[in-house]
Structures are given as C-alpha cells and as structure tokens.
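Note that my numbering has the sequence shown beginning at 10, numbered continuously upward. Here a beta-carbon is modelled for each residue, glycine too, at the ideal position from N, C-alpha and C. Computed from a predicted structure; not experimentally measured.
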Amino acid sequence: MKTLIAYYSRGGATKKAAQRLQKITGGNLFEITGEKNYGNYFTALGIARKEFSQNELPNVTDTVKNFEVYDRILIGFPIWYGKCPQLVMSFISQYDFSGKAVFPFCTSGMSGIDSAAALLKDALKGANVHSGLRMNKADEAAVKQWLKEKA
Ligand SMILES: Cc1cc2nc3c(=O)[nH]c(=O)nc-3n(C[C@H](O)[C@H](O)[C@H](O)COP(=O)(O)O)c2cc1C
C-alpha cells in the first residue's frame with residue numbers, strides 16, 4: 010500500500026504530527042503551501058474568517074507528483090473556526106480521490122475533528138473517507154488503531 014501524508018501547517022504543530030505519521034506509516038510527506046502568508050495567530054484569524062465567509066478557495070503553490078499511485082491519503086490541518094482551512098479545500102479540489110482511502114487528521118487548541126472531517130467527506134465524494142483523528146493526544150497505538158478502522 011502506498012501512503013501520502015499531505016498536510017497544511019501554519020504554526021508547526023500539524024507539521025510535527027505529520028512527521029510522526031510519516032515515521033509510523035512510512036508514507037511520503039507533502040506540505041500544502043499557498044500563495045498567502047497568514048502571518049501570526051491574530052492576522053490568521055482575520056484572513057481565515059474572511060475566506061470562510063466568502064467561500065474563497067486560495068491558490069495552492071505546489072502539486073503532488075504522481076498522485077494516482079497513492080491508495081491511502083492522510084490529510085492533515087489545524088482546526089480553524091471548527092473547520093478545515095480553505096487552503097486544504099483548494100488542495101483537495103485539484104485531484105481525483107475516487108476509490109482512495111482518506112484519513113483526516115488535525116491538531117487544534119481544543120476542538121474535535123468531526124465537523125471538519127464531515128466537510129471533507131462531503132467534498133470527496135467517491136473516496137472512502139474514514140473518521141478523523143486529533144493528533145494532539147494520539148500516541149502510536151491510537152494511530153495504528155485509527156488506520157485499521159473501516160470507513
Ligand atoms: C485562524 C485560526 C483559527 C483557529 N480556530 C480554532 C478552533 O476553532 N478550535 C480550536 O480548538 N483551535 C483553533 N485554532 C488553534 C489551532 O487549531 C491550533 O493551534 C493548531 O494546533 C495549529 O496548528 P499549526 O501549528 O499546524 O498551524 C485556530 C487557530 C487559527 C490560527
């Protein structure tokens with residue numbers, strides 16, 4: 010099985026989570042990057058709020074090579090306003106996820122991942138979207154259990 014771990018991280022927490030998942034799964038890491046600089050926590054709050062309210066899909070700046078070779082895709086992001094950042098929605102709109110197993114993961118201050126994972130599931134029709142995992146407190150055993158669960 011070929012695994013891709015695609016993640017967006019503004020402050021570094023989700024990047025660390027993605028690196029942990031890389032070690033556990035042996036998959037390939039891909040950092041989702043955008044044209045915009047979200048700046049610090051407070052400027053990010055303003056920019057993100059506007060993106061959500063206008064349903065803006067900000068441009069991503071890099072693409073996954075040979076996306077079709079991956080059968081399992083872990084998608085990671087920080088929770089923003091209870092959701093998945095619009096940049097991640099832009100990222101997923103660029104690829105054909107049909108038939109792929111998708112595992113959403115996040116880091117957050119306190120929010121759970123369920124609403125964000127539901128949004129991804131809606132957007133990824135044709136993919137096999139599994140339940141999400143909040144990585145803040147997930148150890149290796151929890152990760153392995155999550156990856157075994159049926160969608
Ligand atoms: C724009 C913005 C919105 C956020 N909204 C939430 C939220 O709704 N719930 C929450 O628990 N944390 C929220 N946070 C905190 C981040 O989810 C948390 O710090 C996350 O671990 C950051 O990951 P990163 O370092 O990979 O960017 C928000 C942070 C930002 C910048």
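Just to confirm the assignment: which complete alpha helix (DSSP H) runs, minimum length 4, are found wholly within the stretch 42-73? 50-62
Which residue comes first and which comes last in the alpha helix (DSSP H) that contains residue 77? Indexing the sequence shown from 1 puts residue 77 at position 68. Where residue 77 is concerned, there is no enclosing alpha helix (DSSP H), given that its DSSP letter is neither H nor E.
Considering Cα atoms alone, identify which of 12, 54 and 36 is closest to residue 20. Taking the first residue of the sequence shown as position 1, residue 20 is located at position 11. The residue with the shortest Cα to Cα distance from residue 20 is 54.
Please go through the same chain and pick out, in chain order, the residues whose beta-carbon is closer than 6 Å to the beta-carbon of residue 100, but skip the five residues on each side of it. Against the sequence shown, residue 100 aligns to sequence position 91. Excluding residues within five positions, the ones whose Cβ falls inside 6 Å are 41 and 69.
Checking 9 Å against the spacing of the C-beta atoms, do residue 36 and residue 83 come in under that value? Taking the first residue of the sequence shown as 1, we reach residue 36 at position 27. Taking the first residue of the sequence shown as 1, we reach residue 83 at position 74. Cβ distance < 9 Å, so residue 36 and residue 83 count as in contact.
How far does the beta strand (DSSP E) with residue 14 in it reach, from first residue to last? For the purposes of this step, residue 14 is taken as residue 5 along the sequence shown, with counting starting at 1. Looking at the DSSP string, the run of the beta strand (DSSP E) that includes residue 14 is 12-16.
Thinking residue 128 and residue 138 are a contact (beta carbons under 8 Å), I'd like their distance in whole angstroms, please. Along the sequence shown, one-based indexing puts residue 128 at 119. Along the sequence shown, one-based indexing puts residue 138 at 129. Not confirmed; about 10 Å, so no contact.
Let's test the definition: count the other Cβ atoms within 10 Å of the Cβ of residue 60 and tell me whether it reaches 16, buried, or not, exposed. Residue 60 sits at position 51 when you count from the first residue of the sequence shown. By the 10 Å Cβ count, residue 60 comes out buried.
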